[in-house]
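Encoded as structure tokens, the structure appears first; notes follow it.
Residue numbers (the numbering used here): 734 to 909.
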């Protein structure tokens, strides 16, 4: 799987004050540190002010002074280059690395990861399945046996999830 170079860090929200600062909607606070370069629209700018909390950050970008400048950015996505992102632990992944991965239950195909969703108790993978409703897989050890980002494969335990396990797919299976 191709690795994504830019990680989604949030969305520019409403202006805050008169100096060009703005609230960030859907923030990934750990990516939005003072001094980090972000891509917004078709340009890059450095974060020169960081206030608020990780859950409700307030930012100002270099070259975007005044309330009108903040209003002009409103609604645009903020991205941080992967090389500026904090290092992850062995069992951590960015959502962008999991999107598009094949999901299997041992040898049986289950579907593909559409996105990762943050819920109050844990993060879940939304898995699109052929001929069945989407499946939400919590990122907990009992539900996820292994993640191989390099191969683009996530092995889950459907029995733990209360799902019927599909028959293993085989290139030889088919009408006789």
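We treat Cβ as the ideally placed atom computed from N, Cα and C, and that holds for glycine.
On a predicted model such as this, the values are computed, not experimentally measured, just so you know.
DSSP puts residue 814 in a beta bridge; with which residues?
-> The residue given as residue 814 occupies position 81 in the chain shown. DSSP output for residue 814 lists 739 as bridge partner(s).
Element boundaries [alpha helix (DSSP H), containing residue 825] | Indexing the chain shown from 1 puts residue 825 at position 92. From DSSP, residue 825 is part of no alpha helix (DSSP H); its letter is neither H nor E.
Does the Cβ of residue 793 have 16 or more other Cβ atoms within 10 Å, making it buried, or fewer, making it exposed?
-> On the chain shown, residue 793 is found 60 positions in, with the first residue counted as 1. With 16 or more other Cβ atoms within 10 Å, it is buried.
For residue 884, is the classification buried or exposed, using 16 other Cβ atoms within 10 angstroms of its Cβ as the cut-off for buried?
-> Position 151 of the chain shown holds residue 884. It is exposed - the Cβ of residue 884 has fewer than 16 other Cβ atoms within 10 Å.
Please state if the CB of residue 742 and the CB of residue 761 are separated by a distance shorter than 8 Å.
-> Here residue 761 corresponds to residue number 28 of the chain shown, with the count starting at 1. Here residue 742 corresponds to residue number 9 of the chain shown, with the count starting at 1. It is a contact, given that the beta carbons lie within the stated cut-off.
Given a threshold of 16 other Cβ atoms within 10 Å of its Cβ, counted over all protein chains shown, does residue 881 qualify as buried or as exposed?
-> Here residue 881 refers to the residue found at position 148 when the chain shown is read from its first residue. Classification of residue 881: exposed, given that the 10 Å Cβ count is below 16.
Residue range of the beta strand (DSSP E) that residue 892 falls in?
-> Taking the chain shown and counting its residues from 1, the one referred to as residue 892 is at position 159. For residue 892, there is no enclosing beta strand (DSSP E), since its DSSP letter is neither H nor E.
Kindly list the residues whose CB is nearer than 7 Å to the CB of residue 758, restricted to its own chain and excluding five residues on each side of it in sequence; keep chain order.
-> Along the chain shown, read from residue 1 onward, the residue named residue 758 stands at position 25. The beta carbon of residue 758 lies closer than 7 Å to those of 743, 744, 746 in the same chain, with the five residues before and after it left out.
From the DSSP output, which residues share a beta bridge with residue 851?
-> For the purposes of this step, residue 851 is identified with residue 118 of the chain shown, where counting begins at 1. For residue 851, which the question treats as bridged, DSSP gives the partners 856.
Can we say the segment 770–778 touches the segment 810–817, given the rule of at least three CB pairs closer than 8 Å?
-> The answer is yes - the segment 810–817 touches the segment 770–778, with three or more Cβ pairs under 8 Å.
Can you tell me the Cα-Cα spacing of residue 765 and residue 855, whole angstroms?
-> As a first step, residue 765 must be located in the chain shown, where it is residue number 32. As a first step, residue 855 must be located in the chain shown, where it is residue number 122. Cα to Cα, the separation comes out at about 22 Å.
Throw me the rounded Cβ distance for the residue 752 and residue 798 pair, which I believe falls under 8 Å.
-> Within the chain shown, the letter at position 19 stands for residue 752. Within the chain shown, the letter at position 65 stands for residue 798. About 7 Å; that satisfies the 8 Å criterion.
Residue range of the beta strand (DSSP E) that residue 778 falls in?
-> In the chain shown, the residue the question calls residue 778 occupies position 45. Element bounds for residue 778: 776–785.
Alpha carbon of residue 878 to alpha carbon of residue 837, nearest angstrom | The sequence position of residue 878 within the chain shown is 145, counting from 1. The sequence position of residue 837 within the chain shown is 104, counting from 1. Between residue 878 and residue 837, the alpha-carbon positions lie close to 10 Å from each other.
Have a look at 844, 873, 841 and flag the residue whose alpha-carbon is nearest the alpha-carbon of residue 851.
-> The residue you call residue 851 lines up with position 118 of the chain shown. Closest by C-alpha distance to residue 851, out of 844, 873, 841, is 873.
Please report the residue range of the alpha helix (DSSP H) in which residue 802 lies.
-> Here residue 802 refers to the residue found at position 69 when the chain shown is read from its first residue. 800–806 is the extent of the alpha helix (DSSP H) around residue 802.
For residue 746, does the three-state DSSP call read helix, strand or coil?
-> Start at 1 with the first residue of the chain shown, and residue 746 comes out as number 13. It is a strand residue.
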